[in-house]
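S.K.: According to our numbering, the sequence shown holds residues 28 to 215 in order.
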Amino acid sequence: AKLLTDAQLKQAEGMRKQVGGNLGSIIVKLGLLTDDQLTRFISEQERLPVVDLSTQVIQKTLVKRVPKEVLERHQVIPVHMDHGVLTLAMADPTDFEAIEEIQFLTNCRVHVALASRAAIAKALNHFRTDEERAREDLIKELDQPAPRQSPLEVTPGLEQALIPLLIAKGVITEEELRKKARELGVLK
28 AKLLTDAQLK
38 QAEGMRKQVG
48 GNLGSIIVKL
58 GLLTDDQLTR
68 FISEQERLPV
78 VDLSTQVIQK
88 TLVKRVPKEV
98 LERHQVIPVH
108 MDHGVLTLAM
118 ADPTDFEAIE
128 EIQFLTNCRV
138 HVALASRAAI
148 AKALNHFRTD
158 EERAREDLIK
168 ELDQPAPRQS
178 PLEVTPGLEQ
188 ALIPLLIAKG
198 VITEEELRKK
208 ARELGVLK
């Protein structure tokens with residue numbers, strides 16, 4: 028079945044030549060197909076199973092077998108392991124670099140299943156640690172402009188105790204703290 032007109036395909040290919048990237052992602056970003064339509068189409072063309080990540084129970088130990096940076100860079104997530112074969116949900120089954128890298132890192136053969144990019148991103152987000160979420164929330168909060176009101180009164184000595192604790196817990200790095208202080212004009 029033909030899902031795109033020749034003109035739509037030409038438009039997507041033109042965009043890929045201009046900005047680079049994956050043709051499937053560009054087709055979805057242009058609104059020519061939904062992520063799910065593209066996934067079903069690839070599944071039919073490549074005869075690969077589709078994994079519904081919203082109902083799939085993914086073991087945390089399985090996800091931890093592959094470095095988080097690798098999973099995010101390739102937009103893949105391990106979903107099953109059986110007799111040394113790791114099933115990897117991915118939106119682009121032609122991403123052989125991802126397959127080879129994960130085979131090397133896990134010392135397992137990789138079996139490919141499909142899932143939409145959005146479903147993979149949501150599943151990866153589920154496995155972010157509370158510490159990562161807290162750090163991101165703090166950075167977002169620090170980037171917000173301060174409300175125009177009376178200055179906050181801090182118990183004397185509290186900031187001296189709180190800052191090293193935040194750094195020690197990895198909530199914020201010393202460099203990020205210095206950068207924010209320079210932005211606020213507290214530090215030159």
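Ideal placement from N, C-alpha and C gives every residue a C-beta, glycine not left out.
Quick one: give me the first and last residue of the alpha helix (DSSP H) that L98 is part of.
M.R.: Counting from one through the sequence shown, the residue named residue 98 turns up at place 71. First-last of the alpha helix (DSSP H) with L98: 95-101.
S.K.: Which residues in the same chain as Q8 place their Cβ atom closer than 7 Å to its Cβ, once the five residues preceding and following it in sequence are excluded?
M.R.: Only positions 28 to 215 of the chain appear in the structure, and residue 8 is not among them; the question remains open.
S.K.: Kindly indicate which three-state DSSP category D109 falls into: helix, strand or coil?
M.R.: By one-based count along the sequence shown, residue 109 stands at place 82. Strand.
S.K.: Indicate the three-state DSSP secondary structure (helix, strand or coil) for L192 in the structure shown.
M.R.: The sequence position of residue 192 within the sequence shown is 165, counting from 1. Three-state result, L192: helix.
S.K.: Would V77 and V106 qualify as a contact pair, given that the criterion is a beta-carbon distance under 9 Å?
M.R.: The count along the sequence shown starts at 1 and reaches residue 77 at position 50. The count along the sequence shown starts at 1 and reaches residue 106 at position 79. No, the pair does not count as a contact, with Cβ atoms beyond the cut-off.
S.K.: Would you check if the distance between the CB atom of F68 and the CB atom of L30 is smaller than 9 Å?
M.R.: Mapped onto the sequence shown, residue 68 falls at position 41. Mapped onto the sequence shown, residue 30 falls at position 3. For F68 and L30, yes; Cβs fall inside 9 Å.
S.K.: Pull up the distance between the alpha-carbon of L65 and that of H153, whole angstroms please.
M.R.: Position 38 of the sequence shown holds residue 65. Position 126 of the sequence shown holds residue 153. Taking the straight line from one Cα to the other gives about 23 Å.
S.K.: Using 8 Å for Cβ pairs, my map puts L132 next to V97. What's the rounded Cβ distance?
M.R.: On the sequence shown, position 105 is the one that residue 132 refers to. On the sequence shown, position 70 is the one that residue 97 refers to. L132 to V97, Cβ: 7 Å. Contact.
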